[in-house]
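Start counting at 1 in the sequence shown, then tack on 1, and there's your number in our numbering.
This report refers to the structure that appears directly beneath it.
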Amino acid sequence: MQQVSPMPEPPMPEAEDPSLFTRARKRLQQAAKYLDVDADAYEKLFYPQETLSARLMVRMDNGSLRSFAAWRCRYDDTRGPTKGGIRYHPSVTEDEVIALAFWMTFKCAVVDLPFGGGKGGICVDPSKLSHTELERLSRAYARAFARIIGPDRDIPAPDVYTNAMIMGWMAQEYSTIVGQHTPAVITGKPIVLGGSLGRDDATGRGGYVVLRHLEKRLGLKPEKARVILLGFGNASFHCARLLHDDGYEIVGLSDSKSAVYDPDGMDPYAVMEHKTQTGQVGGAPTKGNGKEISNDELIECECDVLAPGALENQIHKDNAANVKARVVLELANGPITPTGDDILIDKGITVLPDILANAGGVVVSYFEWAQNRAGYYWPLDEVHQRLSDFMKPSTDLTWDYHVEKEVDMRTASYVLALERIGESLNARGTRAFFRT
Ligand code: GLU
């Protein structure tokens, strides 16, 4: 049997290092303390397996040619084909794509999907493109990365500012390249193009399932619990409406432009209607004397549950100390910096980590992939039931480890993920991870 060699000491920079990937890897280092980690396996998980960058050339409607930086990272495929979304955002960088692919690796393992982790991105503000420019850009992405994606290799999906329509274009472009109908190359497609029922609200629903499943253990009572959601995109809206339907009081919401707080609560359906009409949550109807405040102020308002959606780094060293919530539900990927995390833990706040709390999206993506391959489609109630069946046992295992070892939930979730990745490495004959 291979000897367990001492864990290499990677150079870990300051807690708030500018590199998101460096900060993300800090979680791995922390969790590794609780396992006897084989140096080979640690080395493997410390670096991305493969990252391809491309410059996408797009003919604009006015006849000019513009180019866009784009990436796809396959972080680790130990447990299966790599899986993860594609982000369209003007500030996306290669570093961010790699960090997001790293998180996908651990996310898929936490909820026990037969996938590794991947991610993609295009540096673009999609709101500045016409419909036809967006289509040409998306098809260009599928062409540029066709050699590394595939139903058994790497399976993209939607992420920030990408949607079912974009997935449909990419699936079609890929199918044309390989010369056969290949819906399983991408998930989050429109239903009529092989999408799964229940994929649209899956991320928010997953967070809702995790929170409700832990409700008693967290000391929350639905009729008394006040929730603030940072962001009001797909995940936040669906999580808010499901919690609201079960009696939770939604007291704060925000988007990139504005935030609204009302201790008397608000109806997320009415806020969404207002947002659809006006393009922002600011000025949305509330039950009492709701007031418009800044995003920064909203983070510090009174509530029981704070759910950061949207982008990274919202809770950090400068505002974490002012968070009033008892529970933070991470609907976004990486919304808390490591230093922010330490401060919340010191304050006794329970953080339900992203790789568990927002895994509902990729779980239903897995269902979509499985349905595409079987050519047989499931009814909505079956998707909902199976989503719960995936989320609840992983939530229980994470909680039990958190209680048993007195570690925070994030560390517990990484230990669970590392163990699962380690099992796959072990099965191939490499001694990898054992709990200490
Ligand atoms: N973009 C989502 C995430 O970050 C979903 C990924 C997927 O469905 O593959 O989890």
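All residues carry an ideal CB built from backbone N, CA and C; glycine is no exception.
Since the model is a prediction, treat every value here as computed from it, not as a measurement.
Three or more beta-carbon pairs separated by less than 8 Å link the segment 117-125 to the segment 99-107, which places the two stretches in contact. In the three-state scheme derived from DSSP, where H, G and I count as helix and E and B as strand, Asp160 is classed as coil.
DSSP, reduced to helix, strand and coil, places Glu313 outside both helices and strands of the structure shown, so it counts as coil.
Measuring C-alpha to C-alpha distances from Gly151 to each of Ser128, Ile178 and Pro127 identifies Ile178 as the nearest. In the displayed model, Arg200 falls within coil according to three-state DSSP, outside both helix and strand. In the same chain as Asp263, and ignoring 5 residues on each side of it, the C-beta atoms closer than 8 Å to its own belong to Val252, Gly253, Thr287, Lys288, Gly289, Asn290, Gly291 and Lys292, in chain order.
DSSP lists Val306 and Thr351 as the bridge partner or partners of Val328. Contact annotation: Tyr89 and Tyr35 have beta-carbon atoms that are not nearer than 8 Å. Between Ile156 and Glu51, the C-beta spacing is not below 8 Å.
DSSP places Ile149 outside both helix and strand once states are collapsed to three, so it counts as coil. For Leu114 against Val125, the beta-carbon gap comes to about 29 Å, at or over 8 Å, which does not count as contact.
By the neighbour-count criterion, in which 16 or more other beta carbons inside 10 Å mark a residue as buried, Val193 falls on the exposed side. When secondary structure is reduced to three states using DSSP, Ile346 falls in the helix class. Here Asp265 is exposed: its Cβ has fewer than 16 other Cβ atoms, across all protein chains shown, within 10 Å. Look at Val125 here: in three-state DSSP terms it is coil, with no helix or strand label. Under the three-state reduction of DSSP output, Ala285 falls in the coil class, being neither helix nor strand.
In the DSSP annotation of this structure, Asp256 is not part of any alpha helix (DSSP H), being labelled neither H nor E. DSSP places His385 in the uninterrupted alpha helix (DSSP H) bounded by Leu381 to Lys406. Secondary structure at Ala226: coil, using DSSP grouped into helix, strand and coil. Taking C-beta atoms as the reference points, Leu243 and Tyr209 count as a pair closer than 8 Å. Of all C-beta pairs linking the segment 271-280 to the segment 307-318, fewer than three are shorter than 8 Å, placing the two stretches out of contact. Residue side-chain check: Asp160 places its Cβ nearer than 7 Å to a non-hydrogen atom of the ligand GLU.
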